[in-house]
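Visitor: If you scroll down you'll find the structure; I have some questions about it.
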RNA sequence: GCGGGAGUAGCUCAGUGGUAGAGCGUCACGUUGCCAACGUGAAUGUCGUGGGUUCAAAUCCCAUCUCCCGCUCCA
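Numbering (the numbering used here), first residue to last: 331 to 864.
Okay, here's the thing in structure tokens:
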């Protein structure tokens, strides 16, 4: 992994943000090669999912034909968007740290019970792993008071178990993993959303948030898109854009960044068909990564089990990649494909929802009114054929553009052996990027800087440049120029030599096989189109 | 946020109190001519940043930032 990070810096794929000022944790800049790679990735996604999508025929695995449209929403939205979506509550936690065990806990998730023994009264806490915290508390209490299991009758409980949030004095609390009393810090506020102020004279009352995901912009524009674009359910809305999260621990190169780019689709369908569509999108997105070169050994699809699944979801799968910085056997998330049912559209219509007795209902405050009031705007859809009104169900394939870029870089990095000019095998570093993703599609070299070769090469270069991002290089030996392009991931090199001057042919050299063949100058452009675009 | 390690040229790194270094890369010239060739020359550093100790600090001390590893967190 260090070699990949080093190559990224050396060749201009990725730089640390604000590096000359010492860097900024969790922020990254894409250099000249990186911006092309990431842009190609996003363009490929957009073309494959949106503009290039065949909306006239049902794709393999899909229940029927469907439409796809795009959207580009503002990063800052009305604060109520995040209250109804659930992010405001979920991304805003109080945490306590244990000075002894060095562990950190969600303040509201720690559960404890007052226990008295040997003249001492202690609030014994656990991070409950079962539905019955009392059975987990007792062994902790016995151990603290230095009692055997058969002496449990010496423990006197006061009241039933309760949240740590009911305790004001941390000095009498036994932390979940501590041996001593009073090791917990006071609760401290963690806000995972970036707060900002709208308006030059704005105050705290004008606080807003940078979006932590692009999806909500799609949901709040659902009606606008339906009313303006003649789409019919089933259809999808796609968006690519930046999102922001105050990750507690940015780590692993660009994998967990605080500013990152997402490629998201919200696919709207009828409730009856939603499970079929979920399976379609899950499989389709998995295949997309394979089609661009991620190896099946390092890419996996993992269905969430019932405990992990969000309360509103009827199915979620992560597409995960075995990044080289992770321990062997571990995978990191590239994309989540979630069946979100009607949770999001209903939330923006009615208000923030919670699950109660197996059903989603509007969460209410102590006053009985909605905790976070919805827009009140109808989010239902009228199916003109059946004359039926319903709130569509949603399948959400949500991909990380930076994570995918990193995965393709990791997958592409290879060290192999190639012959030098004496025929000896030498180490070679190359990026085996798919031609659609490669920053440069081809490089053009004059073999010698004389006999008119530079002129022919320049003419070809300028001709190709109108269609593809290509690179011209006349510096150093041709072998060195090949190796430089290998390291940048350029799939093809075109060399103008003496033969070119006689018969108007050039050599085209393949990055992966090193094989060279001759094609005519006029055939170069169509040949590249065939090789790159298939 | 905690603990451990690290930060010196674009990259990889050497340098334990006394003149700032190497290899690779980059650029120029010459030579060569289809897979990182060779020769000559050049550019590139307030040694992460800020303080302190000292006649003198890359080197010792303190603080801080960033990166890596392990905890923790990750709708």
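Ideal Cβ placement from N, Cα and C applies to all residues, glycine included.
How would you write the range of the alpha helix (DSSP H) that residue 727 sits in, first residue to last?
Guide: Position 397 of the first chain, counting from 1, holds the residue named residue 727. Not the alpha helix (DSSP H): residue 727 falls in the beta strand (DSSP E), residues 723-730.
Visitor: Which parts of the stretch 445-471 are runs of the alpha helix (DSSP H), unbroken and 4 residues or longer, counting only runs that do not cross its ends?
Guide: The stretch 445-471 contains no whole alpha helix (DSSP H) run of 4 or more residues.
Visitor: Counting C-beta neighbours from all protein chains within 10 Å, is the total for residue 776 16 or more, i.e. buried, or is it exposed?
Guide: Counting from one through the first chain, the residue named residue 776 turns up at place 446. Classification for residue 776: buried.
Visitor: What does residue 521 pair with, by DSSP beta-bridge criteria?
Guide: Taking the first chain and counting its residues from 1, the one referred to as residue 521 is at position 191. Answer by DSSP bridge pairing, in chain order: 422.
Visitor: Comparing C-alpha positions only, which one of 729, 358, 373 sits nearest to residue 863?
Guide: Translated into the one-based positions of the first chain, residue 863 becomes position 533. Closest option to residue 863, Cα to Cα, is 373.
Visitor: Compare the beta carbon distance of residue 666 and residue 726 with 9 Å and say whether it is the shorter of the two.
Guide: Here residue 666 is taken as the residue at index 336 of the first chain, counted from 1. Here residue 726 is taken as the residue at index 396 of the first chain, counted from 1. Yes.
Visitor: Label residue 686 either buried or exposed according to how many other C-beta atoms from any shown protein chain fall within 10 Å of its C-beta, with 16 as the threshold for buried.
Guide: Here residue 686 is taken as the residue at index 356 of the first chain, counted from 1. Residue 686 is exposed by the Cβ-count criterion.
Visitor: Work out the CA separation of residue 769 and residue 741 for me, nearest whole Å.
Guide: Along the first chain, one-based indexing puts residue 741 at 411. Along the first chain, one-based indexing puts residue 769 at 439. So the two alpha carbons sit approximately 15 Å from each other.
Visitor: I'd like the ranges of any alpha helix (DSSP H) spanning at least 4 consecutive residues and lying wholly in the stretch 760-809.
Guide: Fully enclosed alpha helix (DSSP H) runs of 4 or longer: 783-795.
Visitor: Which of helix, strand or coil does DSSP assign to residue 868?
Guide: There is simply no residue 868 to check, as the chain begins at 331 and stops at 864 in what is shown.
Visitor: Could you pull out every unbroken beta strand (DSSP E) segment of at least 3 residues lying fully inside the stretch 674-726, listed in chain order?
Guide: If we require 3 residues or more, the beta strand (DSSP E) runs fully inside the stretch 674-726 come out as 683-686, 689-692, 711-713, 718-720.
Visitor: Can you list, in chain order, the residues of its chain with a C-beta nearer than 6 Å to that of residue 488? Leave out the 5 residues immediately preceding and following it.
Guide: Within the first chain, numbered from 1, the residue matching residue 488 stands at position 158. Excluding positions up to five away in sequence, the list reads 444.
Visitor: Closest to residue 782 by C-alpha separation, out of 812, 804, 391, would be which residue?
Guide: Taking the first residue of the first chain as 1, we reach residue 782 at position 452. Cα-wise, what sits closest to residue 782 is 804.
Visitor: From the DSSP output, in three-state form, read off residue 813 for me.
Guide: Here residue 813 corresponds to residue number 483 of the first chain, with the count starting at 1. Helix.
Visitor: Give me the residue from 391, 368, 414, 436 with the minimum Cα distance to residue 691.
Guide: Reading the first chain from its first residue, position 361 is the one you call residue 691. That would be 414, whose Cα lies nearest to the Cα of residue 691.
Visitor: Which parts of the stretch 836-860 are runs of the beta strand (DSSP E), unbroken and 3 residues or longer, counting only runs that do not cross its ends?
Guide: Those beta strand (DSSP E) runs which fall completely within the stretch 836-860 and span 3+ residues are 846-850.
Visitor: Return the CA-CA distance between residue 840 and residue 369, expressed in angstroms with no decimal places.
Guide: Within the first chain, residue 840 is the residue found at index 510, counting from 1. Within the first chain, residue 369 is the residue found at index 39, counting from 1. Cα-Cα distance, rounded: 23 Å.
Visitor: Output the distance between the C-alpha atoms of residue 658 and residue 628, rounded to the nearest integer angstrom.
Guide: Here residue 658 corresponds to residue number 328 of the first chain, with the count starting at 1. Here residue 628 corresponds to residue number 298 of the first chain, with the count starting at 1. Answer to the nearest angstrom: the Cα atoms are 11 Å apart.
Visitor: If the criterion is Cβ atoms closer than 9 Å, does the pair residue 433 and residue 484 meet it?
Guide: Numbered from its first residue, the first chain carries residue 433 at position 103. Numbered from its first residue, the first chain carries residue 484 at position 154. No, the pair does not count as a contact, with Cβ atoms beyond the cut-off.
Visitor: Under three-state DSSP, which class holds residue 484?
Guide: Locating residue 484 in the first chain gives position 154, counting from the first residue. DSSP places residue 484 in helix when its eight states are reduced to three.
Visitor: Skipping 5 residues on each side, what residues in its chain have a beta carbon closer than 7 Å to that of residue 386?
Guide: Translated into positions along the first chain, residue 386 becomes position 56. Taken in chain order, the residues that qualify are 395.
Visitor: Give the DSSP bridge partners of residue 631, in chain order.
Guide: As a first step, residue 631 must be located in the first chain, where it is residue number 301. Answer is 649.
Visitor: The alpha helix (DSSP H) with residue 414 in it runs from where to where?
Guide: Taking the first residue of the first chain as 1, we reach residue 414 at position 84. Residues 409-415.
Visitor: The alpha helix (DSSP H) that contains residue 616, what's its start and end?
Guide: Start at 1 with the first residue of the first chain, and residue 616 comes out as number 286. That run of the alpha helix (DSSP H) goes 604-621.
Visitor: Are residue 655 and residue 344 closer than 9 Å when you measure CB to CB?
Guide: In the first chain, the residue the question calls residue 655 occupies position 325. In the first chain, the residue the question calls residue 344 occupies position 14. No.
Visitor: Quick one: residues in its chain with C-beta nearer than 8 Å to the C-beta of residue 450, no 5 flanking neighbours on either side, listed in chain order?
Guide: Taking the first residue of the first chain as 1, we reach residue 450 at position 120. Same-chain partners within the cutoff: 475.
Visitor: Which class does residue 749 belong to by DSSP, given the choice of helix, strand or coil?
Guide: Translated into positions along the first chain, residue 749 becomes position 419. Three-state result, residue 749: strand.
Visitor: Pick helix, strand or coil for residue 348, following the three-state DSSP scheme.
Guide: Walking along the first chain from the start, residue 348 turns up at place 18. It is coil, neither helix nor strand.
Visitor: What do you reckon, are the CB atoms on residue 404 and residue 593 nearer than 9 Å?
Guide: As a position in the first chain, residue 404 is number 74, starting the count at 1. As a position in the first chain, residue 593 is number 263, starting the count at 1. In this structure, residue 593 does not lie closer than 9 Å to residue 404 by Cβ.
Visitor: Does the beta-carbon distance from residue 707 to residue 678 come in below 9 Å?
Guide: Translated into the one-based positions of the first chain, residue 707 becomes position 377. Translated into the one-based positions of the first chain, residue 678 becomes position 348. Yes, Cβ-Cβ distance for residue 707 and residue 678 is below 9 Å.
Visitor: Taking residue 338 as part of the alpha helix (DSSP H), name the residues at either end of that continuous run.
Guide: In the first chain, residue 338 corresponds to position 8, counting from 1. Its alpha helix (DSSP H) spans residues 332-340.
Visitor: Tell me which same chain residues have a C-beta within less than 6 Å of the C-beta of residue 523, skipping the five on either side of it?
Guide: Within the first chain, numbered from 1, the residue matching residue 523 stands at position 193. 421, 539, 542.
Visitor: When DSSP builds the beta bridges, which residues end up paired with residue 397?
Guide: Locating residue 397 in the first chain gives position 67, where the first residue counts as 1. Paired residue(s): 565.
Visitor: Should the stretch 523-534 be regarded as contacting the stretch 350-362, the criterion being three or more beta carbon pairs within less than 8 Å?
Guide: As far as the Cβ criterion goes, the stretch 523-534 does not touch the stretch 350-362, which means the pair count is below three.
Visitor: Output the distance between the C-alpha atoms of residue 510 and residue 424, rounded to the nearest integer angstrom.
Guide: To locate residue 510, count along the first chain from 1; it is residue 180. To locate residue 424, count along the first chain from 1; it is residue 94. Spanning the two alpha carbons is a distance of roughly 22 Å.
Visitor: Starting from residue 547, trace the beta strand (DSSP E) both ways and give me its first and last residue.
Guide: By one-based count along the first chain, residue 547 stands at place 217. Premise fails: residue 547 lies in the alpha helix (DSSP H), 545-550, not in any beta strand (DSSP E).
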